[in-house]
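Residue numbers (the working numbering): -12 to 151.
The next block holds one structure in the form of structure tokens; read it before the comments.
Encoded structure:
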């Protein structure tokens, strides 16, 4: 007859006692609590992630649309300056009007997409970026000082406040 290894002997001895052992549930207590905590933590994390993602999306979207609104407001003011003849001379011709129309059409409130898709987000980003370029051209034509976009102004003022 072959000799049993120590592990086989130990497993054989504990096999008959594990069913009768009243403390066996206590040995697996930690595993049960770990599993329960993991499931609850995962569910809480999913909820918190949705809330945090939604909040970040709203903040980012708000910042983009504030900038689009600022540029749209400038376009309206420049339309009055250029068409009213109150400009400083340069840029009141057809080229100035064309740039003004392009700027306004890029940031016109009713035409900016509000869907939460990659295409819509990229479209808004592209339109605001192109509107900034048109605004710089019109600022030079009208003779206005160049202003910093809202998003860049917020970032630089935060950096200045942190360094103080």
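Even glycine gets a Cβ: it sits at the ideal position worked out from N, Cα and C.
Inset, instruction - Find the nearest neighbour of residue 118 within the set 87, 7, 104, 45, judged by alpha-carbon distance. - result: 87
Inset, instruction - Would you mind sorting residue 82 into buried or exposed? The rule is 16 or more other CB atoms within 10 Å of its CB. - result: When all chains shown are included, residue 82 counts as exposed.
Inset, instruction - Please report the Cβ distance between residue 100 and residue 110, rounded to the nearest whole angstrom; I am assuming they are in contact, meaning their Cβ atoms lie under 8 Å. - result: 5 Å
Legend entry - residue 92 versus residue 20: straight-line alpha-carbon distance, rounded: 60 Å
Inset, instruction - For residue 76, I'd like the list of residues in its chain whose CB is within less than 6 Å of its CB, leaving aside the five on either flank, ordered along the chain. - result: Only weak support is given to the placement of residue 76: the predicted model assigns it a pLDDT of 49, under 50, and the question is left unresolved by the model.
Inset, instruction - Give the straight-line distance between the Cα atoms of residue 18 and residue 42, rounded to the nearest whole angstrom. - result: Straight-line spacing of the CA atoms in residue 18 and residue 42 works out to 36 Å.
Inset, instruction - Would you kindly report the start and end of the unbroken alpha helix (DSSP H) that includes residue 156? - result: The structure shown has nothing for residue 156, since the chain only spans -12 to 151.
Inset, instruction - Check residue 103 in the structure and name its three-state DSSP category. - result: coil
Inset, instruction - For residue 130, name the three-state secondary structure that DSSP assigns. - result: coil
Legend entry - Beta-carbon spacing of residue 159, residue 54 below 8 Å: Residue 159 lies beyond the range of the chain shown here (-12 to 151); nothing can be said about it.
Legend entry - Assigned secondary structure, residue 52 (DSSP; H/G/I helix, E/B strand, else coil): helix
Inset, instruction - Return the first residue and the last residue of the alpha helix (DSSP H) that residue 14 is part of. - result: 11 to 14
Inset, instruction - Return yes when the Cβ of residue 108 is within less than 8 Å of the Cβ of residue 62, no when it is not. - result: It is not a contact, given that the beta carbons lie outside the stated cut-off.
Inset, instruction - Out of 98, 68, 90, 29, point me to the one whose CA is closest to residue 123's CA. - result: 90
Legend entry - Alpha carbon of residue 13 to alpha carbon of residue 44, nearest angstrom: 47 Å
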